[in-house]
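Data block below; observations after.
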Amino acid sequence: MNEIQSNELLTVERSSSWDPLGFDQQYLAQSKLVSHLQIPQILLSVILNGLVLACAAKNPGNLLSSAANVLMMFVFVNNSVFAAYLFYVRLSLLLDFRWEKWFCLTFAATCTFFVAHGALCLTAICVERYLALVRFIRLKRHHAVWWYMTSIVTSAILTLVHFMPDGSAIISRAGVFCFPTKLIGWQGAVDASAMLVHSVAILAGYLLIYVQLRKVSRQATSAMKFPSMGNTTMGQLGHSPGGHHHHSFDERGFGKGKTPSDHGHAGTRVSSLIIASASVSKVGVSSVTESTHSGHSAVAHHLGNSTTTPPPQLQTSSTIKRMRRMLKSGPSNWSIASTASSILSPNHPEGRVVLRGLLSLAVYSCFVASYFYLALHALLFKERQSVQMDWFLVSTKFVSDIGDAVILFYLDRHYRETLTSLLGIKS
Numbered sequence: 006m007n008e009i010q011s012n013e014l015l016t017v018e019r020s021s022s023w024d025p026l027g028f029d030q031q032y033l034a035q036s037k038l039v040s041h042l043q044i045p046q047i048l049l050s051v052i053l054n055g056l057v058l059a060c061a062a063k064n065p066g067n068l069l070s071s072a073a074n075v076l077m078m079f080v081f082v083n084n085s086v087f088a089a090y091l092f093y094v095r096l097s098l099l100l101d102f103r104w105e106k107w108f109c110l111t112f113a114a115t116c117t118f119f120v121a122h123g124a125l126c127l128t129a130i131c132v133e134r135y136l137a138l139v140r141f142i143r144l145k146r147h148h149a150v151w152w153y154m155t156s157i158v159t160s161a162i163l164t165l166v167h168f169m170p171d172g173s174a175i176i177s178r179a180g181v182f183c184f185p186t187k188l189i190g191w192q193g194a195v196d197a198s199a200m201l202v203h204s205v206a207i208l209a210g211y212l213l214i215y216v217q218l219r220k221v222s223r224q225a226t227s228a229m230k231f232p233s234m235g236n237t238t239m240g241q242l243g244h245s246p247g248g249h250h251h252h253s254f255d256e257r258g259f260g261k262g263k264t265p266s267d268h269g270h271a272g273t274r275v276s277s278l279i280i281a282s283a284s285v286s287k288v289g290v291s292s293v294t295e296s297t298h299s300g301h302s303a304v305a306h307h308l309g310n311s312t313t314t315p316p317p318q319l320q321t322s323s324t325i326k327r328m329r330r331m332l333k334s335g336p337s338n339w340s341i342a343s344t345a346s347s348i349l350s351p352n353h354p355e356g357r358v359v360l361r362g363l364l365s366l367a368v369y370s371c372f373v374a375s376y377f378y379l380a381l382h383a384l385l386f387k388e389r390q391s392v393q394m395d396w397f398l399v400s401t402k403f404v405s406d407i408g409d410a411v412i413l414f415y416l417d418r419h420y421r422e423t424l425t426s427l428l429g430i431k432s
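Here the sequence shown stands for residues 6 to 432, numbered as in our numbering.
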């Protein structure tokens with residue numbers, strides 16, 4: 006009996022009665038204000054997430070061209086549905102600020118489901134980026150759909166274990182939300198541990214992606230110096246600044262006294278280096294921030310008269326076609342030096358891949374960190390957290406709601422262009 010009396014959550018769970026005003030009435034006016042201010046914020050979230058989905062529907066061929074983009078769209082579907090439900094909850098509290106038991110249970114279960122589902126979606130995007138950019142394994146779009154369906158089932162199971170057996174929900178001390186009473190048990194320990202491990206794992210995953218891509222980029226930069234060719238001029242590499250001496254690529258000498266076989270070997274090496282560097286660029290920009298095709302072809306191709314086939318993991322069909330056109334167009338239209346300069350730009354496109362993922366993790370963590378504290382406090386102290394922490398948790402949810410949409414429109418030019426077209430804005 007003493008254990009139950011000292012355990013605030015367990016008392017509510019085992020009580021046969023329910024108090025719809027079971028929160029701190031001393032701060033009722035402030036709690037009402039915090040809850041009511043959520044209405045315009047949630048409405049803004051619904052609009053922004055809806056615009057993202059509308060852009061994807063308007064231009065699916067480009068914006069839904071890869072598994073990563075499909076997974077990202079599922080995140081916005083998740084955000085939109087959750088925001089619509091929260092909008093309904095806040096409107097209900099605006100009319101009558103009280104929590105009936107069914108209303109509180111539904112809110113706690115819905116929040117648990119969407120928090121778990123959002124975490125699984127972020128994990129899926131990080132794994133897909135790692136496979137595509139580091140391991141050169143392309144996932145198909147139907148793989149993303151299967152993952153989404155699996156994550157729904159998994160989230161539903163995780164939600165059920167928070168209310169079984171004999172689980173219930175409790176109103177927060179400020180009265181602005183509800184959460185499961187089972188957080189005092191092993192479910193709370195699992196929640197707190199999973200949130201911490203999940204955030205650290207995703208952070209480590211994107212840092213690993215960044216390190217690997219930087220490593221490949223440096224190797225490509227070093228390779229473009231052509232150390233085995235000696236002192237090579239711009240003209241000898243396929244382009245004369247003066248434009249007066251035009252020879253075919255195979256006829257140009259890389260040094261006097263070279264045999265035809267030497268010329269062929271040099272041309273082969275240059276072609277392979279171009280493909281490798283172009284593939285590095287392709288890897289760097291085939292991310293969620295640039296909604297492009299990220300597939301890597303496993304089919305071997307030959308470039309011009311080259312007798313060496315580049316590694317399959319460094320090939321894309323679009324890159325091969327582009328390089329063939331450049332070779333056929335003649336040396337006056339391209340140069341290896343200019344190609345290397347554009348491919349290995351100082352902007353480091355691999356950094357944008359990581360930036361997109363880390364920003365998504367950051368905005369999501371705004372809410373997860375608050376929820377982590379809630380679960381940890383309930384587990385350790387067997388009571389509800391303070392009124393001020395309740396207000397803080399509700400407020401951080403707004404950052405999480407709109408953050409993904411703002412990041413996407415800011416970093417992805419394809420979405421910006423589609424949005425301006427959708428709104429009829431002339432760029």
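Where a beta carbon is used, it is the ideal one built from N, C-alpha and C, also for glycine.
These numbers were taken from a predicted model, which means no experiment stands behind them.
Span of the beta strand (DSSP E), counted from its first residue to its last, around residue i
i: Ala179; result: Here Ala179 belongs to no beta strand (DSSP E), and DSSP marks it neither H nor E.
Cβ neighbour criterion (16 or more within 10 Å) applied to residue i
i: Gln30; result: exposed
i: Gln393; result: exposed
i: His203; result: buried
i: His147; result: exposed
i: Ser20; result: exposed
i: Met169; result: exposed
i: Ser198; result: exposed
i: Ala114; result: buried
i: Phe81; result: buried
i: Trp191; result: exposed
i: Thr159; result: exposed
i: Lys187; result: buried
i: Ala34; result: exposed
i: Ile47; result: buried
i: Ser173; result: buried
i: Phe386; result: exposed
i: Tyr415; result: exposed
Nearest residue (CA-CA) to residue i, options the options
i: Met154; options: Phe28, Phe79, Gln43; result: Phe79
i: Arg178; options: Glu388, His419, Ala374, Ile52; result: Glu388
i: Ser426; options: Ser400, Ala114, Pro170, Ala62; result: Ala62
i: Tyr32; options: Trp396, Leu413, Asp406, Val373; result: Trp396
i: Val373; options: Arg219, Val205, Ser222; result: Val205
i: Arg143; options: Ser71, Leu53, Trp152; result: Ser71
i: Leu26; options: Arg95, Lys106, Thr111, Ala161; result: Lys106
i: Val359; options: Ile207, Thr111, Glu18; result: Ile207
i: Leu128; options: Phe184, Gly66, Asn12, Leu366; result: The amino acid occupying residue 128 in the given sequence is Thr; Leu does not appear at that position. Of the candidates Phe184, Gly66, Asn12, Leu366, the one whose C-alpha sits nearest the C-alpha of Thr128 is Leu366.
i: Leu165; options: Ala121, Tyr90, Cys126, Cys183; result: Ala121
i: Gln434; options: Asn67, Glu13, Ser97; result: Only positions 6 to 432 of the chain appear in this structure, which leaves residue 434 out of reach.
i: Ala124; options: Leu15, Met200, Val57; result: Met200
Residue i, enclosing alpha helix (DSSP H) - first and last residue
i: Val186; result: It should be pointed out that residue 186 corresponds to Thr in this sequence rather than to Val. No alpha helix (DSSP H) contains Thr186, which DSSP labels as neither H nor E.
i: Leu69; result: Taken as a continuous stretch (DSSP letters only), Leu69 belongs to no alpha helix (DSSP H), as it is neither H nor E.
i: Phe141; result: First-last for Phe141: undefined, no H or E at that position.
i: His147; result: 146–165
Three-state secondary structure (DSSP) of residue i
i: Phe79; result: helix
i: Asn84; result: helix
i: His203; result: helix
i: Ser370; result: helix
i: Arg103; result: coil
i: Lys37; result: helix
i: Pro45; result: helix
i: Ile430; result: coil
i: Ser222; result: helix
i: Asp409; result: helix
i: Leu26; result: coil
i: Glu13; result: helix
i: Ser365; result: helix
i: Ser375; result: helix
i: Arg389; result: coil
i: Leu96; result: helix
i: Asp395; result: helix
i: Thr425; result: helix
i: Gly123; result: helix
i: Ser20; result: coil
i: Gly193; result: helix
i: Phe168; result: coil
Residues near residue i in its chain [Cβ-Cβ closer than 6 Å; skip 5 each side]
i: Gly180; result: Phe28, Ser36
i: Ala149; result: Ala72, Val75, Leu76
i: Phe102; result: Lys37
Same chain, Cβ closer than 7 Å to residue i, five either side skipped, listed in chain order
i: Gly408; result: Val368
i: Gly210; result: Cys131, Tyr135
i: Ser391; result: Arg178
i: Cys371; result: Thr401, Val404, Ser405
i: Ile88; result: The amino acid occupying residue 88 in the given sequence is Ala; Ile does not appear at that position. Closer than 7 Å at Cβ, skipping near neighbours: Ile47, Ser50, Val51, Asn54, Asp406.
Neighbourhood of residue i by C-beta, 8 Å cutoff - its chain only, sequence neighbours within 5 removed
i: Val139; result: Leu213, Ile214, Gln217, Leu218
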